[in-house]
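Student: In this text, residue positions in the sequence shown follow my numbering: the first is 193, and each later residue adds one.
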Amino acid sequence: MKKRYLLRFVPTMRCNFNCPYCFEGDSSKRPKETMFDAHTPEEWIDAMRKFSDKEIEIYMWGGEPFLLDGTYTVLKEWLAMDHILPGCRIDTNLYYADKIAERCPSNKLKLNCSYHMQYHTLEQQFEKIKKLKELDMVGMMNFVASEYNITKLRNDYGMSVHDLIKKFAEIGVFVNIAGDFAYANNKNYERHDEYMKFITQFISPEEWRFLRGEPQKRKCDAGKYFFTVNYDGKLTSCIDSNVYGNFFEGTIKPAMFAKTCDKICPSLISYPWRSDNEFIPWSSLTEYVKRCEKHRKTMNQEIDFEF
Ligand SMILES: C[S@@+](CC[C@H](N)C(=O)[O-])C[C@H]1O[C@@H](n2cnc3c(N)ncnc32)[C@H](O)[C@@H]1O
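Spelled out as structure tokens, the structure:
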């Protein structure tokens, strides 16, 4: 059987949006480097061919990955390669939805489509998602339950998050209600328990805990299968500071055994690699959606939250 790896790319930390609640902070103050400064899209494309004896899942985040022209160029070629797996996740603010549909349409991509209310009206967001859904490219829509978003949804549209979920369910799109890290991760927030109860209608209490919780030692497969590809091609892992290969040389030298880690995983792509759960780490966004859908079926009342 072919060896399988998940490779994480960060085209840029720059973003065309500057959301008041973004945990990455002010986008105008972020590093300006991009993955195409030292290596051209063609070099990234050629390097991916060196892994054709393996199976590769791609994950991209940032910043806004689709801000860069090179992102479309590499994705178009990468996604056409036989060794690229379906279920590749990219986090996007959807500003460039038309360009995505035009330049790199592929149902191997399952986009994590954020809804940032400061920048798109509900109708704009709906039309953008609909277009990508028709191409089978939507993993889910992510709605951060921030003060800004919840208040704007209520004031501008008279809607609760339950209404939002129902609106997008009409076109078969799952809406994730993400706990805003500023409240969810702050145990001193005076309404923390109420906020947790609100969010855990939409995600299970386990997912809530895995995303934050107390640091605890456990084995993790991250250094065996899940790597970040740095701008110089070096493969690194969240598990330690080792270098696990080089993308441009076509090398991966994974850890022989699962390592132990006690860090908190700030992302749902990370914690399925840990030994404290049985979640499937491949095609992690679609797996996450399946788990949440199952959890929501166990809920029999709708709780609302106002800031
Ligand atoms: C930092 S964004 C970058 C990717 C892309 N530009 C986007 O808007 O989706 C990555 C993810 O973090 C989520 N996010 C941003 N701020 C958040 C917050 N305060 N709490 C929880 N999630 C947040 C976004 O909705 C998105 O799904």
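A virtual CB, placed ideally from N, CA and C, is assigned to each residue, including glycine.
Looking at the secondary structure, which residues open and close the beta strand (DSSP E) in which L199 lies?
Tutor: Note, L199: beta strand (DSSP E), R196 to F201.
Student: In terms of residues, what are the limits of the alpha helix (DSSP H) holding C484?
Tutor: Note, C484: alpha helix (DSSP H), S476 to K489.
Student: Relative to ligand 1, is the shortest distance from any of its heavy atoms to the C-beta of G254 smaller than 7 Å?
Tutor: Correct: G254 has its Cβ closer than 7 Å to ligand 1.
Student: How is I250 classed by DSSP in three states: helix, strand or coil?
Tutor: Three-state DSSP puts I250 in a strand.
Student: How about F418: is its C-beta nearer than 8 Å to some C-beta of chain C?
Tutor: Among the chains in the structure shown there is no chain C, since it carries only a single protein chain.
Student: When you compare only the Cα positions, how much space is there between N210 and L477?
Tutor: Taking the straight line from one Cα to the other gives about 24 Å.
Student: Taking 8 Å as the cut-off, decide whether the C-beta atoms of N304 and G331 are in contact.
Tutor: Contact flag set, yes.
Student: Determine whether the beta carbon atoms of Y213 and S306 lie at a separation below 8 Å.
Tutor: The answer is no: Cβ separation not under 8 Å.
Student: Taking the C-alpha atoms as reference points, what is the distance between A230 and F335?
Tutor: Approximately 34 Å, taken between the alpha carbons.
Student: Tell me where the alpha helix (DSSP H) around F390 begins and ends.
Tutor: First-last of the alpha helix (DSSP H) with F390: H384 to I391.
Student: Could you spell out the range, first to last residue, of the alpha helix (DSSP H) harbouring Y349?
Tutor: E339 to Y349 is the extent of the alpha helix (DSSP H) around Y349.
Student: Nearer than 7 Å: is that true of the beta carbon of Y213 relative to any heavy atom of ligand 1?
Tutor: The answer is yes for Y213.
Student: Any idea what DSSP makes of Y436, helix, strand or coil?
Tutor: Here Y436 sits in strand by DSSP.
Student: In the DSSP assignment, find the beta strand (DSSP E) that holds I353 and state where it starts and stops.
Tutor: One detail in the question is off: residue 353 reads as Val in this sequence, not Ile. Unbroken run through V353 is the alpha helix (DSSP H), V353 to A361; no beta strand (DSSP E).
Student: Check the DSSP bridge columns for V330 and list the partner residues they point to.
Tutor: In DSSP, V330 forms a bridge with L303.
Student: Enumerated in chain order, which unbroken segments of the alpha helix (DSSP H) with a length of 4 residues or greater are wholly contained in the stretch 397-459?
Tutor: List check, alpha helix (DSSP H) in window: 397-403 and 414-417.
Student: When you compare only the Cα positions, how much space is there between Y197 and K291?
Tutor: Cα-Cα distance, rounded: 28 Å.
Student: Comparing C-alpha positions only, which one of E256, V367, H308 and M193 sits nearest to V481?
Tutor: When each option's Cα is compared against that of V481, the closest is V367.
Student: Does DSSP put V365 in a helix, in a strand, or in coil?
Tutor: V365: coil per DSSP, three-state reduction.
Student: How long is the line joining the alpha carbons of A376 and H384, rounded to whole angstroms?
Tutor: Looking at the two C-alpha atoms, the distance is approximately 7 Å.
Student: Quick check: what's the CA-CA separation for N438 versus T226?
Tutor: If I take the Cα positions, the gap works out to 18 Å.
Student: For ligand 1, is there any heavy atom lying closer than 7 Å to the beta carbon of S476?
Tutor: No, ligand 1 has no heavy atom inside 7 Å of this Cβ.
Student: Less than 8 Å between the CB atoms is what I'm expecting for S467 and K409, so what's the real figure, rounded?
Tutor: That pair is no contact at about 10 Å.
Student: Can you give the beta carbon distance from I456 to R404, rounded, assuming they're within the 8 Å contact cut?
Tutor: 6 Å between Cβ atoms; contact.
Student: Would you kindly work out how many angstroms separate the C-alpha atoms of F418 and R200, rounded to a whole number?
Tutor: For F418 and R200, the distance between alpha carbons rounds to 8 Å.
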